[in-house]
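Undergrad: Questions regarding the structure given below will be posed in turn.
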Amino acid sequence: MQDEYGDLDAGGETYYFDGEFKLEFGKSLFRPQVRYRTWGDPKNPTLVVAHALTGNAGIDTWWGEIMGEGKALDSSENFIICMNILGSCYGSTGPMSRCEKTGEVYGDDFPLVSVRDTVRLHMHLLHDHLGIRRVSTVIGGSLGGMQALEWLLCAPEQKLVTVDSAVVIACGAEHNAWQIGISETQRQALRLHKEDGLRIARQIAMIAYRSPVAYRNKFGRERTTDGRFQVASYLEYQGRKFLSRFDPTSYYAITEQMDTHDVGRGRGGIEAALSSLSQRILIMGISSDVLYPLEEQQELARLIPNAGFFEIVTDEGHDGFLLEYDQVGSAISTFIGSLSHRQKQVAEPFISKL
């Protein structure tokens, strides 16, 4: 099977929030940092690309096929920015970071962070650090799609930036019991043993990220030369590979963060929150997605007043948003091309918080 990610690292520039950043569930982080990368001229319309659960700020390593001149993510026409989420091990403040106050590594004491917290901090990066007040389009799949929804809803609440439009791919309005159950099973493996647990957690995830058809077509009941089923060998390989690039405590933290996703929390419920949106929004779902089934995206499109809908037809399952480059890229390009609000902006003077 084709891997959804290339070689990931923590490269990029760093933003530090000035002071105490209050988190949604009561705790705070002192001077949290965000690792980010940019492409293009800041005077062009801003595209925020939000990465998925274990991604990083390097869009070119996981969506490189839709990035470049004449493609969906065109840095000759747009200013593109991707920011690493809180809790990750790719440069933003997370469990492996040292607390700015105590000098100690957070470790298991890293506080619960919500998707909304990550988005609010990213908004501060744009507003306080880069002088950007207007975002043309936010684009994201899976956890990135959850962030895109929060960008739309947080913008009028935070009053730091305006968001004109969004592309929301392969997620729902909330993380429901099915998705929380899959996350919790992975965390139980991590509680038993961090390294071995991470290998097992990744194998669980890799089953949920694909589809029965994809597994049947790729592996069937074929065996390796040592008599093992090929699918077992593949999953074991994916677990070992993941252990070489990700931290167990960070994985625990970001799966908990993903479980906080609920656009209706504190906003009168899901229907009230989504019906308040006035921006142009493209909702994309995947025909074979068993993790975030198509009906969840169809519900988003039904509840959001100005939403369009596009179905990615594939047997690849949830990972189709990373693998079906032609369909995803074409849909994003068509949507961005249809927007009438796009115009160049003048960024305010650069303000460093270092």
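Here the working numbering is used: the first residue of the sequence shown is -3, the next is one more, and so on. Idealized CB from N, CA, C, for every residue including glycine. Please read these numbers as outputs of a predicted model, since none were measured by experiment.
Just to confirm the assignment, what range does the alpha helix (DSSP H) spanning Leu186 have?
TA: Unbroken alpha helix (DSSP H) run through Leu186: Ala173 to Leu188.
Undergrad: Roughly how many angstroms lie between the CA atoms of Ile196 and Glu232, to the nearest whole one?
TA: Computed Cα separation, rounded: 8 Å.
Undergrad: In or out: Ser138 buried (at least 16 other Cβ within 10 Å) or exposed?
TA: Ser138 should be labelled buried.
Undergrad: In or out: Leu188 buried (at least 16 other Cβ within 10 Å) or exposed?
TA: The residue in question, Leu188, is exposed, as its Cβ has fewer than 16 Cβ neighbours within 10 Å.
Undergrad: Pull up the distance between the alpha-carbon of Glu9 and that of Cys78, whole angstroms please.
TA: Near 11 Å, if we compare the C-alpha coordinates of Cys78 and Glu9.
Undergrad: Output the boundary residues of the beta strand (DSSP E) element that contains Thr256.
TA: Where Thr256 is concerned, there is no enclosing beta strand (DSSP E), given that its DSSP letter is neither H nor E.
Undergrad: Which one of Thr98, Thr89, Leu299 and Ser132 has the shortest CA to CA distance from Leu108?
TA: When each option's Cα is compared against that of Leu108, the closest is Thr89.
Undergrad: Which two residues bound the contiguous beta strand (DSSP E) that contains Tyr12?
TA: Here the beta strand (DSSP E) through Tyr12 covers Glu9 to Tyr12.
Undergrad: Go ahead and label Asn213 buried or exposed: buried means 16 or more other beta carbons lie within 10 angstroms of its beta carbon, across all protein chains shown.
TA: That one is exposed.
Undergrad: With distances taken Cα to Cα, identify the nearest neighbour of Val111 among Arg183, Ser24 and Glu20.
TA: Per the Cα distances, Glu20.
Undergrad: In this structure, what does DSSP give as the bridge partners for Cys150?
TA: DSSP lists no partner for Cys150.
Undergrad: Could you check if Arg298 is buried or exposed, using at least 16 other CB atoms within 10 Å of its CB as the buried criterion?
TA: Arg298 comes out exposed.
Undergrad: Closest to Glu153 by C-alpha separation, out of Val164, Ser161, Ile178 and Met119, would be which residue?
TA: Out of Val164, Ser161, Ile178 and Met119, Met119 has the C-alpha closest to the C-alpha of Glu153.
Undergrad: Given this structure, state the Cα-to-Cα distance separating Val45 from Arg198, to the nearest angstrom.
TA: Whole-angstrom Cα-Cα distance: 24 Å.
Undergrad: Under three-state DSSP, which class holds Gly136?
TA: Here Gly136 sits in strand by DSSP.
Undergrad: Let's see if you can read the secondary structure: which residues bound the alpha helix (DSSP H) around Met210?
TA: With the sequence shown as reference, residue 210 is identified as Ala, and Met is not the correct amino acid for it. Pro208 to Phe215 is the span of the alpha helix (DSSP H), which, as asked, contains Ala210.
Undergrad: Closer than 6 Å by C-beta to Phe215: which residues in its own chain qualify, once you throw out the five before and the five after it? Chain order, please.
TA: Closer than 6 Å at Cβ, skipping near neighbours: Gln226 and Val227.
Undergrad: Just to confirm, is the Cβ distance from Thr310 to Gly316 under 9 Å?
TA: Taking 9 Å as the Cβ cut-off, Thr310 and Gly316 qualify as a contacting pair.
Undergrad: Find the nearest neighbour of Ile282 within the set Ala53, Ile165 and Thr251, judged by alpha-carbon distance.
TA: Nearest option by C-alpha distance: Ile165.
Undergrad: For Ser272 and Ala151, what's the separation of their Cα atoms in angstroms?
TA: Straight-line Cα distance between these residues: approximately 12 Å.
Undergrad: To the nearest angstrom, report how far apart Gln182 and Gln253 are at their CA atoms.
TA: Between Gln182 and Gln253, the C-alpha separation is close to 14 Å.
Undergrad: Per DSSP, which residues does Glu351 bridge with? Please list them.
TA: Limits of the chain in this structure are -3 at one end and 350 at the other, which puts residue 351 out of reach.
Undergrad: Shortest alpha-carbon distance to Arg263 belongs to which of Glu170, Glu73, Lys190 and Trp58?
TA: Closest by alpha carbon: Glu170.
Undergrad: Starting from the C-beta of Ser72, find all residues in its chain whose C-beta is less than 6 Å away, skip the five residues before and the five after it, and write them out in chain order.
TA: Contacts found: Glu65.
Undergrad: If you count every other CB in all the chains shown that lies within 10 Å of the CB of Asp243, and 16 or more means buried, which is it?
TA: Asp243 is buried by the Cβ-count criterion.
Undergrad: With H, G and I counted as helix, E and B as strand and the rest as coil, what does DSSP make of Gln29?
TA: The answer is strand: DSSP assigns Gln29 an E or B state.
Undergrad: Looking only at its chain, what residues have a beta carbon closer than 8 Å to the beta carbon of Ser326, apart from the 5 residues adjacent to it on each side?
TA: Taken in chain order, the residues that qualify are Ala68.
Undergrad: Around the Cβ of Ile347, are there at least 16 other Cβ atoms within 10 angstroms (buried) or fewer (exposed)?
TA: Caution applies to Ile347, whose pLDDT of 30 falls short of 50 and renders its modelled position unreliable; the value that the coordinates give is listed next. When all chains shown are included, Ile347 counts as exposed.
Undergrad: Met142 and Ser246 look like a contact to me (Cβ under 8 Å); what is the Cβ gap, rounded to whole Å?
TA: Met142 to Ser246, Cβ: 18 Å. No contact.
Undergrad: Assuming Gly136 and Tyr288 make a contact with CB atoms under 8 Å, what is their CB distance in whole Å?
TA: Between Tyr288 and Gly136 the Cβ distance is about 13 Å, and since that is not below 8 Å, they are no contact.
Undergrad: Could you spell out where the alpha helix (DSSP H) holding Phe242 opens and where it closes?
TA: Taken as a continuous stretch (DSSP letters only), Phe242 belongs to no alpha helix (DSSP H), as it is neither H nor E.
Undergrad: Specify, as a first and last residue, the run of the alpha helix (DSSP H) that Met119 falls within.
TA: Val111 to His120 is the extent of the alpha helix (DSSP H) around Met119.
Undergrad: Please list, in chain order, all residues of the same chain as Ile200 whose beta carbon is under 8 Å from its beta carbon, the five residues on each side excluded.
TA: For Ile200, where only same-chain residues beyond five positions count, the Cβ hits under 8 Å are Ile178, Thr181, Gln182 and Ala185.
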